[in-house]
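Below is one structure, written out as structure tokens, with a few remarks after it.
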Amino acid sequence: MAGAGSPFWDFSLRVYGLPGVPAACLVLQDESGADVNVALALLYLGANGRALGAGDVARVDGAVADWRREIVVPLRQVRRALKPREEDPAIAAFRRQVKQVELESERLQQEALYVAIAGLGHSADRETAARGNLALYADLLGSTFAPAAAETLAVASLK
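First residue of the sequence shown: 125, per my numbering; consecutive thereafter.
Written out as structure tokens, the structure is:
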């Protein structure tokens, strides 16, 4: 498996640090049910000139579906449930610990995604691939991503 320094992890950290990207990720996650790590994996492939088909996108999402459902989402729910109680310093400290565990669960999910995406896709123009991969993910979810959020992510992935 890929380590914490995999090219995909490095890409994700770089892209997530760009202006507007965290908010765009939350829009996809909260409004469309997107898994941000899956979206980032699809954008990573696109940024590397790899376009996927609908079946590939479904396989990528399926590769981490159990982990997301059983580990990542419950940790996120705990972290969010603790937020209104942060006025208590002990609870605030506990929430920070949960947040660190949640981040580690997402890093591990990215390791699994890095393995799952190896060799996927066919050569394509980077911009076309990034936008197309993201659109196929929205289709898989039966959703339409908010245009501004999708645009922010596609542009950021190509920087």
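Glycine included, every Cβ here is placed at the ideal spot set by N, Cα and C. Computed from a predicted model, the values in this text were never measured in an experiment.
Taking DSSP's pairing of strands, which residues face Ser247 in a bridge? Arg174
On the criterion of 16 or more Cβ atoms from any shown chain inside 10 Å, does Asp134 qualify as buried, or is it exposed? exposed
Between the Cα of Ala248 and the Cα atoms of Asp185, Arg138, Gly177 and Val151, which residue gives the shortest distance? Gly177
Let me confirm a value: Asp180 is counted as buried when at least 16 other C-beta atoms fall within 10 Å, else exposed. Which label applies? So Asp180 counts as buried.
Cutoff 6 angstroms; reference Ala126; Cβ partners in own chain excluding five residues on either side: At Ala126 the pLDDT is 42, less than 50, meaning the model places this residue with poor confidence and gives no usable figure here.
Backbone secondary structure at Ala254 - three-state DSSP: helix
If you follow the alpha helix (DSSP H) that Ser267 is part of, which residue opens it and which one closes it? For Ser267, there is no enclosing alpha helix (DSSP H), as DSSP gives it neither H nor E.
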